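Student: Got a structure for you, questions after.
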Amino acid sequence: KMSFFCRGLRRHIMTNSITKMNLYENGLSAAAAQSMVPFLQNANFLKELYLSHNNFQSEGFNIMFLALRDSPIHTLSCNYCGIEAIEIDSDYSPKHLTTLRLSGNRINADGCRQLSKLLQGGDSTLKHLYL
Numbered sequence: 015k016m017s018f019f020c021r022g023l024r025r026h027i028m029t030n031s032i033t034k035m036n037l038y039e040n041g042l043s044a045a046a047a048q049s050m051v052p053f054l055q056n057a058n059f060l061k062e063l064y065l066s067h068n069n070f071q072s073e074g075f076n077i078m079f080l081a082l083r084d085s086p087i088h089t090l091s092c093n094y095c096g097i098e099a100i101e102i103d104s105d106y107s108p109k110h111l112t113t114l115r116l117s118g119n120r121i122n123a124d125g126c127r128q129l130s131k132l133l134q135g136g137d138s139t140l141k142h143l144y145l
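Start counting at 1 in the sequence shown, then tack on 14, and there's your number in my numbering.
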């Protein structure tokens, strides 16, 4: 289902400027996150993405976070998504991200270290981190 939705969005995004998307509590899995990658990589106007209360877990979060690297996104909300492990390479983090919401997840010690690296990065734009 999500792959069809994302294909439709990719066609739509070429002619319109979607700036905010809310997919709150839609049962999104890691596979759905993977199918969103082409859309996220081409969403040139997307500034806010709300994905809270889905179940894409660590795998899905890491896939989407990497896909958003070159996007203009400044707010990413992934509260209560079953995220435990976070893999962040500061060279491949969203360049304009100012707000990251991860409340209600059980982020492990390694994930906290990864978030710390993100915050300490010299070119980090992150101003608000919600755990």
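Don't be surprised by glycine CBs; every beta carbon is placed ideally from N, CA and C.
Owing to the predicted nature of the structure, the values given are computational and were not obtained by experimental measurement.
For L132 and N36, what's the separation of their Cα atoms in angstroms?
Tutor: 25 Å
Student: Beta-carbon within less than 6 Å of L82's beta-carbon, same chain only, minus the 5 sequence neighbours each way: which residues are those?
Tutor: L54 and P108
Student: When the Cα atoms are used, what is the spatial distance from H110 to A47?
Tutor: 20 Å
Student: From the DSSP output, in three-state form, read off T29 for me.
Tutor: Residue placement at T29 cannot be trusted, given a pLDDT of 47 that sits under 50; what the coordinates show is reported in the next sentence. In the structure shown, the three-state DSSP call for T29 is coil.
Student: Just confirm the distance between the C-beta atoms of C92 and R115, as a whole number of angstroms; I'd bet it's less than 8 Å.
Tutor: 7 Å
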